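Some notes on the structure that comes next.
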Amino acid sequence: MTVDIRVIRPGQMYRYYLRETVVGDGRRPARTPLRVAQEQAGVPVGRWMGRGLAVLGLAPGGEVTEGQLRNLFGSCGRHPDAGRIEAGRLAAGDSPKKAFKAGALGRRVTVTGVDFVFRPQPTIYLLWAFGDVETRRVIEAAHEYAIERVLEWVEDEVAVIRYGKDGIYRVRPPGGLVAARFRHYEARSRRPLLHDHLLLSVKGQRLDGKWGSVHTTALHENTVAASALYNELVAAEVCEALGLATEPRTVTPGRRPVMEIAGVPHELIRWTSRRSDQITTCLTELEHEYVTAVDDDGDPRFLPVVSERARAKLNQIAARKTRPHKQKTQPLAQLRERWKASAILTSGVTADVITSLLEHARAAAAAIRARVAAVLDVALAAVDITATVFVLNDGGRFHRRHLLAEARRHLALVLRGRRRDPGLDDQIVTAAISTHCLDITEPKTIRGLEAGYRLYTARWALADIPARSRPPTPAPDPNRRPPADPGEPAGPRAPGQDAGEGEWEIPRVPLQYERALIAGAVAREQLRTTTTAVRGRAYDVVAHQQAAMPERLLAPEPAAPEHDDQEPEAAPGEAIDMTALGALRDSRTDVEALDITADRLRHLQDVFTKAGEAARTRAARAARRTAPDDADTAHPVRQDDQQAHRPQQPGPRRGREASR
1 MTVDIRVIRP GQMYRYYLRE TVVGDGRRPA RTPLRVAQEQ AGVPVGRWMG RGLAVLGLAP
61 GGEVTEGQLR NLFGSCGRHP DAGRIEAGRL AAGDSPKKAF KAGALGRRVT VTGVDFVFRP
121 QPTIYLLWAF GDVETRRVIE AAHEYAIERV LEWVEDEVAV IRYGKDGIYR VRPPGGLVAA
181 RFRHYEARSR RPLLHDHLLL SVKGQRLDGK WGSVHTTALH ENTVAASALY NELVAAEVCE
241 ALGLATEPRT VTPGRRPVME IAGVPHELIR WTSRRSDQIT TCLTELEHEY VTAVDDDGDP
301 RFLPVVSERA RAKLNQIAAR KTRPHKQKTQ PLAQLRERWK ASAILTSGVT ADVITSLLEH
361 ARAAAAAIRA RVAAVLDVAL AAVDITATVF VLNDGGRFHR RHLLAEARRH LALVLRGRRR
421 DPGLDDQIVT AAISTHCLDI TEPKTIRGLE AGYRLYTARW ALADIPARSR PPTPAPDPNR
481 RPPADPGEPA GPRAPGQDAG EGEWEIPRVP LQYERALIAG AVAREQLRTT TTAVRGRAYD
541 VVAHQQAAMP ERLLAPEPAA PEHDDQEPEA APGEAIDMTA LGALRDSRTD VEALDITADR
601 LRHLQDVFTK AGEAARTRAA RAARRTAPDD ADTAHPVRQD DQQAHRPQQP GPRRGREASR
């Protein structure tokens, strides 16, 4: 996710935020005024945001002072200008107790706010770091616009004030919320990282004029949906303003691809992921300790495999253990010079590419825009997001917020950086709930009756999909050690181990995202064979996805609806083994095929890898037989072909998706 959340308590405001966050994650000198410290650090001043500013008498975009932060976040939730209000009441003759109460916003609270951290994808802040003044202005404007839209969505759809006995009454804050935004330029690893801290106050005013506290649990529950909305909006604004496009890139095999700006070299992304490499190395050691840990009796303390939940916990521990100390901040001009010099020396990308990074991205976008039409099929999108959410959630049960987050990810994957009409994500969710979801809510409290907390499951007969995959392999030998570095060979082998089996592998529960993709394909295939409204679009999904990646293999043109039972003929230069993949497609249309084990996933991966290598070999031979001009010509988009799209993972596993 690109949006993180953390609660703010009065003590944390003094110990952490007023010392470091407000000055760009540096170390604020003692007894230095806030404005002076921000100028020395080279970071902009904080700015007020939110519709609730009107109730407090503050202006949007106004400068955030230290006294206002202390009152709102550090003094149990008082008015930002509580000192001025209290002094005015004392001058009017009120008692100290009454004057103090006049500056309070309801009752004292132990949690005064939440800290939302917004950061764009690496390719976006790389363009910002190496771009000119106009490029940086456009990206920063898109970044701020996306934050404003997310805050508006939180105010309108997420934030609720509880009151009454046990908080049985809930109401949206009609006046909105109040937030203070602070901008930072770099990460702890001294790499570029444009990100903003949005300190959101929990104080909100009800319809009766009384002040209450926003339920922070609701904010935590909707963080994934907020992250998906921010990613979609910031990418769309940047791409539309600069003429760019996005593409899916796999970060972790088996997990969901992330949408990045096309044309930015992967080596630059690796250059920014210094912290990720440190966390990965530490995570490998922690996983080894986890699966080999024993108690005093010699019995395993944990499971013999690393589940997704355990891996997430271990990843948090690895991040804390490898977290470096903060260093002194520098002005942005000096940071950009240091970033560019470091990237040229250590990233492996030439200086010409780094200097003209925007032009490379625009060239890649032109190839993608020439092949992909911005056409969305709401019916098929509803199928995909329902199947994905059904598989990824425990027991196949989910809430509306899960569908909403998946719908926003689907839109980002389909539109490739184009803007969309407002409310399209809600339209997809509504179609999914009304057509493919079954309400299984059994409310025990008033909270369970609310629309956001109603419980759903899929209507389809997909009962053969297990909630959790079976453990694939036993625990490794406790005497075997992981490699010290990803590039080094593994440690000593266990007795009897073959010399060729030297790769270190921690037994993990198979990731469920691939199974979610297969579930979506099966459900769509069932609807395609029973409903004439969506018949003939199975190949359109493949064409839409593959056409968006000029560097990948391109499948043949999709068959017409009246001939969709025939295998398409391979065109010169675009050959792919459709016979073998077609047989695989026929075997995957049964619901029982969804019970994917680790062995079958590995087998499928080998099949797809071999098919991809064979197709690339044939494509290379065909390219040598054609003229260079013909090989570089982009295929035009046929509006009647690009009708739908579903999420899938690029790379060697493309064969499975091409076989739908």
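When you line the sequence shown up against the working numbering, it's residues 1 to 660, in that order. Cβ coordinates follow ideal geometry from the N, Cα and C atoms, glycine included. Remember, it's a predicted structure, so these values are computed and weren't measured experimentally.
Check whether residue i and residue j have beta carbons under 8 Å apart
i, j, result
"T435", "A382", "yes"
"R181", "R301", "no"
"L194", "W128", "yes"
"T329", "A41", "yes"
"L151", "A179", "yes"
"C76", "P10", "yes"
"A142", "V238", "yes"
"W211", "G106", "yes"
"I161", "V154", "no"
"S227", "T112", "no"
"A666", "A365", "The question about residue 666 has no answer here: the residues shown for the chain are numbered 1 through 660."
"A412", "N231", "yes"
"H360", "V349", "no"
"G417", "L303", "no"
"V234", "I124", "yes"
Cβ-based neighbour list, residue i, same chain, cut-off 7 Å, excluding 5 preceding and 5 following
i, result
"L404", "A225, D425, V429"
"R401", "E221, N222, A225, G452"
"R419", "A236, E240"
"R35", "V45"
"L449", "P443"
"T21", "F182, H197"
Same chain, Cβ closer than 8 Å to residue i, neighbours up to 5 away in sequence not counted
i, result
"F398", "V389, F390, L455, Y456, T457"
"D295", "R301"
"F100", "E86"
"A533", "Below a pLDDT of 50, predicted positions are generally treated as unreliable, and A533, at 41, falls in that range; the measurement from the model is reported next regardless. Cβ within range, chain order: A379."
"L219", "I5, V114, V154, V158, A159, L200"
"T346", "W271"
Coil, strand or helix - residue i by DSSP
i, result
"V7", "strand"
"I161", "strand"
"L303", "coil"
"T2", "coil"
"R320", "helix"
"S434", "helix"
"D296", "coil"
"E186", "strand"
"R621", "helix"
"Q330", "coil"
"P478", "Legend: pLDDT at P478 = 47, less than 50; position of this residue unreliable, no value from coordinates given."
"V353", "helix"
"A218", "helix"
"R15", "helix"
"D421", "coil"
"A142", "helix"
"A310", "helix"
"A180", "strand"
"M549", "Low local confidence applies: a pLDDT of 41 at M549 is under 50, so the model's placement there is unreliable, with the coordinate-based value given in what follows. The answer is coil: DSSP assigns M549 none of H, G, I, E or B."
"L449", "helix"
Start-to-end residues for the beta strand (DSSP E) that takes in residue i
i, result
"T457", "456 to 458"
"G175", "It is not in any beta strand (DSSP E) - G175 carries neither H nor E in the DSSP assignment."
"G209", "Segment: none, G209 is in no beta strand (DSSP E) and carries neither H nor E."
Neighbourhood of residue i by C-beta distance below 6 Å, restricted to the same chain and skipping five residues each side
i, result
"R459", "H436, L438"
"A82", "N71, G103"
"P122", "I269, T272"
"G24", "A41, V43, H184, T329"
"G52", "G175, G176, L177, V178"
"E551", "Bear in mind that a pLDDT of 36 at E551, under 50, signals an unreliable position, so the number given afterwards is only what the model happens to contain. Closer than 6 Å at the Cβ level, and outside the excluded window around E551, lies no residue."
"R468", "Only weak support is given to the placement of R468: the predicted model assigns it a pLDDT of 39, under 50, and the question is left unresolved by the model."
"K165", "none"
Where the alpha helix (DSSP H) through residue i begins and ends
i, result
"L199", "First-last for L199: 192 to 201, but that is the beta strand (DSSP E), not the alpha helix (DSSP H)."
"R408", "400 to 415"
"A59", "Element bounds for A59: n/a, residue is neither H nor E."
"H360", "357 to 371"
"S347", "Element bounds for S347: n/a, residue is neither H nor E."
"V171", "Premise fails: V171 lies in the beta strand (DSSP E), 169 to 171, not in any alpha helix (DSSP H)."
"L380", "378 to 392"
Any chain B beta carbon closer than 8 Å to residue i
i, result
"L126", "This model lacks chain B altogether, as it is built from one protein chain only."
If we require 3 or more residues per run, which beta strand (DSSP E) segments fall completely within the segment 221 to 285? 246 to 249, 258 to 261
What are the complete alpha helix (DSSP H) segments, minimum 4 residues, inside the segment 25 to 56? 34 to 41, 53 to 56
Quick one: complete alpha helix (DSSP H) runs, 4+ long, within the segment 66 to 136? 66 to 74, 82 to 91, 96 to 102, 122 to 130
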